[in-house]
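Its first residue numbered 743, the sequence shown is counted upward by one per residue in our numbering.
One structure is given here, and the rest of the page talks about it.
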Amino acid sequence: MKKALVSLLALLGLGLAGITQADEPQNYEPRATPVVDNVYAIVGPITGRTAGNDALNNNLGFVVTDTGVVLIDSGASRLGAKQIDAAIDAVTDQPVTHVINTGSQDHRWLGNAWFAEQGAEIIALKRTVETQRRFADQHVARLEEVLGERFAGTEPMPSADPIDADRKRLEIGGTTFELIWFGDAHFPGDIVVWLPERETVFTGDMVYVDRMLGIHPWSDVLSWQGAFHEMETLEAKHVVPGHGQVTDMAQARAEAGDYLDFLVAEIRTAVDNFEGLQATVDRLTDAPRFKHLEHFDNWHRTNISRAYTQIEAAAMQ
């Protein structure tokens, strides 16, 4: 009965994956992992948001430049931001001078205000900031419930001077950063940060490895697929995904790009052949290439359902 109810909710596009918490609190402590010279990742758990991980169940990163630290994404709360700063302090005495937001989901930017208070400049593209503002109240309400008192003092603070461009090259402390919007993905306005001299890309929520990616009603599966393939043209040697261990493009392709290709190809065929939603979900439920990914059972059927709705709508335009 329970399985039937979960399947029904997935087909209705409501899905349980985005609102359930996967595990008990695990008292996660952010720590820096070296990627390449002066570039670090902070790899979060691939479980759900809990008070024990302060909703830092995602990856962030930072670059130590000649003039300070550039942080890529700021965490989900004021307290989480302080923990991120402590992880940076374990590596360098340099202060955080800039924060770049790759997206608009809570744990990518709700720590902005704390870093701004310490003197950091908040950097984001205009389209990212627009989505942050759109979802701010929803994310705050959710995190107040999940984190409780650990969310106290957190105030949403998007960039005050967002960049009105889809691609922006910045030189900070002798290091080149490229902010690139290849297309909407997990959220509208998701970007990647490319470090050409280090051949390293911080993908934000463009890429999930080790765990199943999630398609929300506001995600854009067709744009996401195209954006992923555009990102591949960077030919990055080092990939810091939005979720999962630091990796290379081969794993990113196998566990994110190939999954998007699978959904789009199979569902386009289904729509072209007038195969209904229920039949398509049932036919594609068994996907052995991707079953090893954490949260497959929670997300896969929901992803099929939401992708079908989007692809069918696109076909009717």
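Beta carbons: idealized from backbone N, C-alpha and C, even for Gly.
TODO: Rank I933, T775, H928 by C-alpha distance to the C-alpha of F919 and give the top, closest one.
DONE: By one-based count along the sequence shown, residue 919 stands at place 177. When only C-alpha atoms are compared, the closest one is I933.
Open item on the list: Extract the residue ranges of the beta strand (DSSP E) inside the region 794 to 842, only unbroken runs of 3 or more that lie entirely within it.
Closed with: 801 to 806, 811 to 814, 838 to 842
Task: Straight-line gap, H881 to D848 (C-alpha atoms, nearest Å) - done: Within the sequence shown, the letter at position 139 stands for residue 881. Within the sequence shown, the letter at position 106 stands for residue 848. Answer to the nearest angstrom: the Cα atoms are 6 Å apart.
- [ ] With distances taken Cα to Cα, identify the nearest neighbour of E897 among T917, P904, R875.
- [x] The residue labelled residue 897 in the question sits at position 155 within the sequence shown. Selected option, being the one with the closest Cα: R875.
- [ ] Identify the continuous beta strand (DSSP E) that holds L912 and give its terminal residues.
- [x] Along the sequence shown, one-based indexing puts residue 912 at 170. Looking at the DSSP string, the run of the beta strand (DSSP E) that includes L912 is 909 to 914.
Open item on the list: One question on the structure: do M948 and W1041 come within less than 9 Å of each other, judged by their Cβ atoms?
Closed with: Position 206 of the sequence shown holds residue 948. Position 299 of the sequence shown holds residue 1041. No, they are not a contact pair.
Open item on the list: For A862, tell me which candidate among V812, L821, R869 has the shortest Cα-Cα distance.
Closed with: Counted from its first residue, the sequence shown places residue 862 at position 120. Among V812, L821, R869, the Cα nearest to that of A862 is on V812.
TODO: Give the secondary structure of I1046 by DSSP, where H, G and I count as helix, E and B as strand, and everything else as coil.
DONE: Reading the sequence shown from its first residue, position 304 is the one you call residue 1046. Note: I1046 maps to helix in three-state DSSP.
TODO: Just the C-alpha distance for A1056 and G803, rounded to the nearest angstrom, thanks.
DONE: Reading the sequence shown from its first residue, position 314 is the one you call residue 1056. Reading the sequence shown from its first residue, position 61 is the one you call residue 803. About 36 Å.
Task: Distance, D815 Cα to F944 Cα - done: Position 202 of the sequence shown, counted from the start, is the residue given in the question as residue 944. Position 73 of the sequence shown, counted from the start, is the residue given in the question as residue 815. Their Cα atoms are separated by approximately 10 Å.
Task: M991 and I922 closer than 9 Å at C-beta - done: As a working note, residue 991 is residue 249 in the sequence shown. As a working note, residue 922 is residue 180 in the sequence shown. No.
Open item on the list: Whole angstroms are fine: how far does the CA of D796 sit from the CA of G890?
Closed with: Along the sequence shown, read from residue 1 onward, the residue named residue 890 stands at position 148. Along the sequence shown, read from residue 1 onward, the residue named residue 796 stands at position 54. If you take the alpha carbons of G890 and D796, they lie about 10 Å apart.
Task: Distance CB(V1013)-CB(S1047) smaller than 9 Å - done: To locate residue 1013, count along the sequence shown from 1; it is residue 271. To locate residue 1047, count along the sequence shown from 1; it is residue 305. Not a contact, by the Cβ cut-off of 9 Å.
Task: Assumed close pair R1092, W856 - CB separation to whole angstroms, cut-off 8 Å - done: As displayed, the chain neither begins before 743 nor continues past 1059, which places residue 1092 out of reach and without an answer.
- [ ] Look at the Cβ atom of V951, then the Cβ atom of V777, and state whether they are nearer than 9 Å.
- [x] For the purposes of this step, residue 951 is taken as residue 209 along the sequence shown, with counting starting at 1. For the purposes of this step, residue 777 is taken as residue 35 along the sequence shown, with counting starting at 1. No, Cβ-Cβ distance for V951 and V777 is not below 9 Å.
Open item on the list: Given a cut-off of 9 Å on the beta-carbon distance, is the pair I914 and L867 in contact?
Closed with: The count along the sequence shown starts at 1 and reaches residue 914 at position 172. The count along the sequence shown starts at 1 and reaches residue 867 at position 125. Against a cut-off of 9 Å, the Cβ pair of L867 and I914 comes out as no contact.
Open item on the list: For I842, which residues in the same chain have their Cβ closer than 8 Å to its Cβ, ignoring the five residues on either side in sequence?
Closed with: One-based indexing of the sequence shown puts residue 842 at position 100. Excluding sequence neighbours, I842 sits near V812, L813, I814, D815, I865, A866, F919, L921, V935.
Task: Beta bridge counterpart(s) of Y1001 as assigned by DSSP - done: Working through the sequence shown from its first residue, we reach residue 1001 at position 259. In DSSP, Y1001 forms no bridge with anything.
Open item on the list: What residue range does the beta strand (DSSP E) around T775 cover?
Closed with: Counted from its first residue, the sequence shown places residue 775 at position 33. Looking at the DSSP string, the run of the beta strand (DSSP E) that includes T775 is 774 to 778.
Open item on the list: Going by the DSSP bridge assignment, what does L921 pair with across the sheet?
Closed with: As a position in the sequence shown, residue 921 is number 179, starting the count at 1. Its beta-bridge partners are K910, V935.
- [ ] State the DSSP-derived secondary structure class of Q1052, mapped to helix, strand or coil.
- [x] Locating residue 1052 in the sequence shown gives position 310, where the first residue counts as 1. Reduced to three states, the DSSP call for Q1052 is helix.
Open item on the list: Once DSSP output is grouped into helix, strand and coil, what is the label at V988?
Closed with: Mapped onto the sequence shown, residue 988 falls at position 246. Of the three classes helix, strand and coil, the one that applies to V988 here is coil, per DSSP.
Task: Close Cβ partners of Y1001 (< 6 Å) along its chain, the five nearest in sequence each way excluded - done: For this step, residue 1001 is matched to residue 259 along the sequence shown. Hits under 6 Å: F1032.
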